[in-house]
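A.B. asks:
Number of protein chains: 2
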Amino acid sequence: MSESASLIEKVEELKLDDDFVDPWNVTSSSDAGVDYDKLIERFGSSKVDAELLARFEKVAGQPVHHLIRRGIFFSHRDLNAILDMVEQGKKFYLYTGRGPSSESLHLGHLVPFIVTKWLQEVFDVPLVIQLTDDEKTLWKDLTVEQSMKLARENAKDIIAMGFDVNKTFIFSDLDFMGKCPAMYQNVIRIAKRVTFNQVRGIFGFGDMDPIGKIGFPPVQAAPSFSTTFPFIFGGKTVRCLIPCAIDQDPYFRMTRDVAPRIKLPKPALLHSKFFPALQGAKTKMSASDTNSAIFLTDTAKEIKTKINKHAFSGGQVTLEDQRRLGANTDIDVSYQLLRFFLPDDEQLENIRVAYSKGEMLSGEIKKLAIETLQPIVAEHQEQRKLVTEEVLDQFMSIRKLNF
Amino acid sequence: MSESASLIEKVEELKLDDDFVDPWNVTSSSDAGVDYDKLIERFGSSKVDAELLARFEKVAGQPVHHLIRRGIFFSHRDLNAILDMVEQGKKFYLYTGRGPSSESLHLGHLVPFIVTKWLQEVFDVPLVIQLTDDEKTLWKDLTVEQSMKLARENAKDIIAMGFDVNKTFIFSDLDFMGKCPAMYQNVIRIAKRVTFNQVRGIFGFGDMDPIGKIGFPPVQAAPSFSTTFPFIFGGKTVRCLIPCAIDQDPYFRMTRDVAPRIKLPKPALLHSKFFPALQGAKTKMSASDTNSAIFLTDTAKEIKTKINKHAFSGGQVTLEDQRRLGANTDIDVSYQLLRFFLPDDEQLENIRVAYSKGEMLSGEIKKLAIETLQPIVAEHQEQRKLVTEEVLDQFMSIRKLNF
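Same order as they appear, the protein sequences are chains A and B.
What the first sequence shows, in this note's numbering, is residues 1 to 403, in sequence order.
What the second sequence shows, in this note's numbering, is residues 404 to 806, in sequence order.
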């Protein structure tokens, strides 16, 4: 039984509205996925509401990205303060990351990077991308060498999304920690101010956990501070905005707690919802369960087969029932895929209405999802071919950025 | 009340033969200091016995250093295996270190370095010296910058002892971690294989301790493996011998436990007894208690005053009693200072006999101790003047060593 399958069982034993969210596991007892309003309350973040969206559009001077305006990026911390800075002509920087546990990324991995890229282009700011290969060595059955190799492969996928090498620094912890003393120094400053009790509360660490895991959170925290990158910021204090999935928030709650005590500004955050597994929103898409995920290496045929075979349907079982009752788009994975990857709002709304009313069938919406994703993945594969080892080394080299 | 004073009280409440030894505190209820035979039993190390001393002399091809032959280096792990390697013409390397918590070293700090230097010269082997400025930031009220500055000052004192720059690499963790990816990679390999339960058992860490402390032991462990220094050993596996005070053994018990699991050889160890505080062997000489210590920056007059005023005497209170009963040299700090710093065995034995019999008075042995230490400290001060920032940078630069 896979880890996530057994976790679903565990959660289903609990009362119906129980969700489980930490940086390593996400499960919900509901077919519609995690209750995000409750999560905002539990985590103490703020909702991205209509007012904030309107302000965001005004400051950006253009419509916000569909992943933001559709509420997929639904929660934030201090985003208003970042918009204040933009209005005052001050620069911030972007930080996001990824834990390299598989050779290829899947579609869900793209989500934070898509919005990060949009933010970078709109606001013309530098971006640092952390690959936590140290985390993956500590949590998975992977050697240091294997994790570092996965980090480089994942970085190629990220670069293929079209990031600007002049404004983007990509680093792997197992490499970068040994190349920038400021990184380790900030890790120590943070690790001095967080107790075992605190990380047990935040991350659920226990007595049997390796000290490597216990010592890891400051490593993910450190890039939230511009002083970690003296070669980019020249030691200046620049505020940070972190687009990430909401499950990473515990790291940054900890970071924000420490920040004033080391006299550095708290990072701001913009949180996304989870990208559903093909089997449905009870879990997120996971690289370790190949049937749950559409990989960026999948062929057009594989994408078609996976969606037809595995994509959880919110439609009715019989044709008659579907025509009569219509589908539940909240739990229909094909529809959710379109929400993430079909940019045209009007077209999406037409699909939603037709499918909800029973004018459209499950097979038809699957076909639409397949036809939307196939060219995106194919284009990604074309772009990735252009990412040579040399291009990768350029992105990962310690250097000044232009901004 | 100083930390060590309150610890003495704590220990005195326990039964008479209780000693307390960990990497941060050493106290004994006995005026003669820690019961070292019991410590060997408790730590599971081996005694440096007459047989090993004889073999050591044979392999070294010369008399062993007086600190070894007088039993001040009294315990070891796998020293025979190192001597086997020497006989087989194989090279090992030396690793020792220091936690930089004060601007100047005191006499006790010199002890492991004196024997390390002797071993390096006799066996012509490379040496790495770790300055754990990260540890001091984590344990003391010192900033990263302050600790790094102390590390450099301490390194100058170490260099002044006459180490060969061609065979010796000195590094500060807060600097080196950011300059050598292999260091962090080995830290992670070790930290993956040690649980919180284990470090709680070994070091007494608790739930309220910062995760920086909990994560530190692998940083002291990593230099026990030659793969941490690819620029010296070219990635080759070379066995390590660590001369250190016995209170550092917990780190290396942990290291030796992990070593086979990362397929690297266990470091060998040669342990010294503690250098007594001037007030007596119930505690070790400590830089944080200036009256307990003779610093390498002390003037001849300060040395004289400190010994006359503070050095605990094993002699009798009245002249008559001393003439009649003689002194107890086991607890007499001036005699102990001579055991550490007077190389001539015959002269030392004459002093011991005369003082024990009451032929020599407390004031006379204090005078001998003063006259022995004054020129050693003065000579050190002369040598230290020659250690410029440039010389220091040379010792601390990442480079190949000659061996």
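For each residue, glycine too, the CB sits at the ideal point set by N, CA and C.
State yes or no: is the beta carbon of C643/B nearer than 9 Å to at least one beta carbon in chain A?
C.D. replies: Indexing the second sequence from 1 puts residue 643/B at position 240. Closer than 9 Å: no.
A.B. asks: When the Cα of F233/A is compared with those of L401/A, P63/A and E51/A, which residue comes out closest?
C.D. replies: Taking the first sequence and counting its residues from 1, the one referred to as residue 233/A is at position 233. The shortest Cα separation from F233/A among L401/A, P63/A and E51/A belongs to L401/A.
A.B. asks: By alpha-carbon positions, which one of F203/A, M148/A and P243/A ends up nearest to P100/A?
C.D. replies: Position 100 of the first sequence, counted from the first residue, corresponds to residue 100/A. Minimum Cα distance to P100/A is reached at M148/A.
A.B. asks: Output yes or no for whether 9 Å exceeds the beta carbon distance between Y587/B and D321/A.
C.D. replies: Position 184 of the second sequence, counting from 1, holds the residue named residue 587/B. Position 321 of the first sequence, counting from 1, holds the residue named residue 321/A. No, the pair does not count as a contact, with Cβ atoms beyond the cut-off.
A.B. asks: Is the segment 660-671 of chain B close to the segment 739-754 of chain B, with three or more CB pairs under 8 Å?
C.D. replies: In short, these stretches do not touch, since the Cβ pair count stays below three.
A.B. asks: By a C-beta neighbour count over all protein chains shown, 10 Å radius and 16 as the cutoff for buried, is W542/B buried or exposed?
C.D. replies: Locating residue 542/B in the second sequence gives position 139, where the first residue counts as 1. Under this definition W542/B is a buried residue.
A.B. asks: Could you list which residues in chain B have their beta carbon closer than 7 Å to that of V144/A, in chain order?
C.D. replies: Here residue 144/A refers to the residue found at position 144 of the first sequence. Within 7 Å Cβ-Cβ: Q588, I591 and R592.
A.B. asks: Roughly how many angstroms lie between the CA atoms of M488/B and T630/B, to the nearest whole one?
C.D. replies: The count along the second sequence starts at 1 and reaches residue 488/B at position 85. The count along the second sequence starts at 1 and reaches residue 630/B at position 227. Between M488/B and T630/B, the C-alpha separation is close to 19 Å.
A.B. asks: Go ahead and pull the three-state DSSP assignment for L804/B.
C.D. replies: Position 401 of the second sequence, counted from the first residue, corresponds to residue 804/B. Coil.
A.B. asks: Closer than 7 Å by beta-carbon distance: list the chain A residues that pair up with D537/B, in chain order.
C.D. replies: Your numbering for residue 537/B matches position 134 in the second sequence. Chain A residues near D537/B: I188.
A.B. asks: Pull up the distance between the alpha-carbon of K709/B and that of H479/B, whole angstroms please.
C.D. replies: To locate residue 709/B, count along the second sequence from 1; it is residue 306. To locate residue 479/B, count along the second sequence from 1; it is residue 76. C-alpha separation (whole angstroms): 33 Å.
A.B. asks: List the endpoints of the continuous alpha helix (DSSP H) containing H469/B.
C.D. replies: Working through the second sequence from its first residue, we reach residue 469/B at position 66. Counting along the chain, the alpha helix (DSSP H) containing H469/B begins and ends at H469 to R472.
A.B. asks: Tell me whether K520/B sits in a helix, a strand or coil according to DSSP, three-state version.
C.D. replies: For the purposes of this step, residue 520/B is identified with residue 117 of the second sequence, where counting begins at 1. Here K520/B sits in helix by DSSP.
A.B. asks: Give the DSSP-derived three-state secondary structure of Q601/B in the structure shown.
C.D. replies: In the second sequence, counting from the first residue as 1, residue 601/B sits at position 198. Looking at Q601/B - three-state DSSP - the assignment turns out to be helix.
A.B. asks: Under 7 Å Cβ to Cβ from K357/A, same chain only, skipping five residues before and after it: list those, please.
C.D. replies: Here residue 357/A refers to the residue found at position 357 when the first sequence is read from its first residue. Once the five neighbours on either side are set aside, the close Cβ partners of K357/A are G326.
A.B. asks: Measuring only the C-alpha atoms, how far is Q130/A from E153/A?
C.D. replies: The sequence position of residue 130/A within the first sequence is 130, counting from 1. The sequence position of residue 153/A within the first sequence is 153, counting from 1. Computed Cα separation, rounded: 13 Å.
A.B. asks: Sorted by chain position, which residues of the same chain lie with C-beta nearer than 6 Å to V34/A's C-beta, five sequence neighbours on each side aside?
C.D. replies: Translated into positions along the first sequence, residue 34/A becomes position 34. Cβ within range, chain order: D19 and S28.
A.B. asks: Fully enclosed by the segment 448-535 of chain B, which alpha helix (DSSP H) runs are 4 residues long or longer?
C.D. replies: With a minimum length of 4 residues, the continuous alpha helix (DSSP H) runs that stay inside the segment 448-535 of chain B are 453-463, 469-472, 482-490 and 510-526.
A.B. asks: Less than 9 Å between the C-beta atoms of Y496/B and V528/B, yes or no?
C.D. replies: Reading the second sequence from its first residue, position 93 is the one you call residue 496/B. Reading the second sequence from its first residue, position 125 is the one you call residue 528/B. Contact: yes.
A.B. asks: Please compile the residues from chain B whose C-beta is within a distance smaller than 8 Å of the C-beta of L138/A.
C.D. replies: Taking the first residue of the first sequence as position 1, residue 138/A is located at position 138. Those within 8 Å of L138/A in chain B are I591, A594 and K595.
A.B. asks: Buried or exposed: where does G97/A fall if 16 or more other Cβ atoms within 10 Å of its Cβ makes it buried?
C.D. replies: The residue given as residue 97/A occupies position 97 in the first sequence. That one is buried.
A.B. asks: Starting from N428/B, trace the beta strand (DSSP E) both ways and give me its first and last residue.
C.D. replies: Counting from one through the second sequence, the residue named residue 428/B turns up at place 25. From DSSP, the beta strand (DSSP E) with N428/B extends over N428 to S431.
A.B. asks: List the DSSP bridge partners of K474/A.
C.D. replies: Because chain A spans 1 through 403 in this model, residue 474/A falls outside it and cannot be assessed.
A.B. asks: Any beta carbon of chain B sitting closer than 9 Å to that of C244/A?
C.D. replies: What you label residue 244/A is simply residue 244 of the first sequence in a count that begins at 1. No, its Cβ sits nowhere closer than 9 Å to a Cβ of chain B.
A.B. asks: I need the boundaries of the alpha helix (DSSP H) containing F572/B, first residue and last residue.
C.D. replies: Here residue 572/B corresponds to residue number 169 of the second sequence, with the count starting at 1. First-last for F572/B: T571 to S575, but that is the beta strand (DSSP E), not the alpha helix (DSSP H).
A.B. asks: Return no unless some Cβ of chain A is closer than 9 Å to the Cβ of T775/B.
C.D. replies: Sequence index remark: in the second sequence, residue 775/B carries index 372 (1-based). With 9 Å as the cut-off, T775/B does not count as an interface residue toward chain A.
A.B. asks: At the 9 Å Cβ level, is P217/A part of the contact set with chain B, yes or no?
C.D. replies: Reading the first sequence from its first residue, position 217 is the one you call residue 217/A. Yes, contact with chain B.
A.B. asks: Listing by chain order, which chain B residues have their CB less than 8 Å from the CB of I214/A?
C.D. replies: As a first step, residue 214/A must be located in the first sequence, where it is residue number 214. Those within 8 Å of I214/A in chain B are F599, I614, I617 and G618.
A.B. asks: Drop a sphere of 10 angstroms on the beta-carbon of I398/A, count the other beta-carbons inside from all chains shown, and report buried for 16 or more, exposed for fewer.
C.D. replies: What you label residue 398/A is simply residue 398 of the first sequence in a count that begins at 1. The residue in question, I398/A, is exposed, as its Cβ has fewer than 16 Cβ neighbours within 10 Å.
A.B. asks: How would you list, in chain order, the residues of chain A whose beta-carbon sits under 9 Å from the beta-carbon of L795/B?
C.D. replies: For the purposes of this step, residue 795/B is identified with residue 392 of the second sequence, where counting begins at 1. By Cβ distance, chain A contributes nothing, its closest Cβ being about 16 Å from L795/B, past 9 Å.
A.B. asks: Less than 9 Å between CB atoms is the rule here; does V531/B satisfy it with respect to chain A?
C.D. replies: The sequence position of residue 531/B within the second sequence is 128, counting from 1. Chain A, which has no Cβ nearer than 9 Å to the Cβ of V531/B, makes this no.
A.B. asks: Counting only Cβ pairs nearer than 7 Å, list the residues of chain B close to P100/A.
C.D. replies: Walking along the first sequence from the start, residue 100/A turns up at place 100. Within chain B, no residue comes near P100/A; the closest Cβ sits about 14 Å away, beyond 7 Å.
A.B. asks: Terminal residues of the continuous alpha helix (DSSP H) containing A245/A?
C.D. replies: In the first sequence, counting from the first residue as 1, residue 245/A sits at position 245. Per DSSP, A245/A belongs to no alpha helix (DSSP H); it is in the beta strand (DSSP E), C240 to A245.
A.B. asks: Mind pulling the chain B residues with CB within less than 9 Å of A182/A?
C.D. replies: Here residue 182/A is taken as the residue at index 182 of the first sequence, counted from 1. Neighbours of A182/A on chain B, chain order: G581.
A.B. asks: For the alpha helix (DSSP H) holding F231/A, just list the boundary residues, first then last.
C.D. replies: Your numbering for residue 231/A matches position 231 in the first sequence. Counting along the chain, the alpha helix (DSSP H) containing F231/A begins and ends at P230 to F233.
A.B. asks: Please list the partners that V333/A has in chain B, where partner means a Cβ-to-Cβ separation under 7 Å.
C.D. replies: Taking the first residue of the first sequence as 1, we reach residue 333/A at position 333. Neighbours of V333/A on chain B: none; closest Cβ ~36 Å, over 7 Å.
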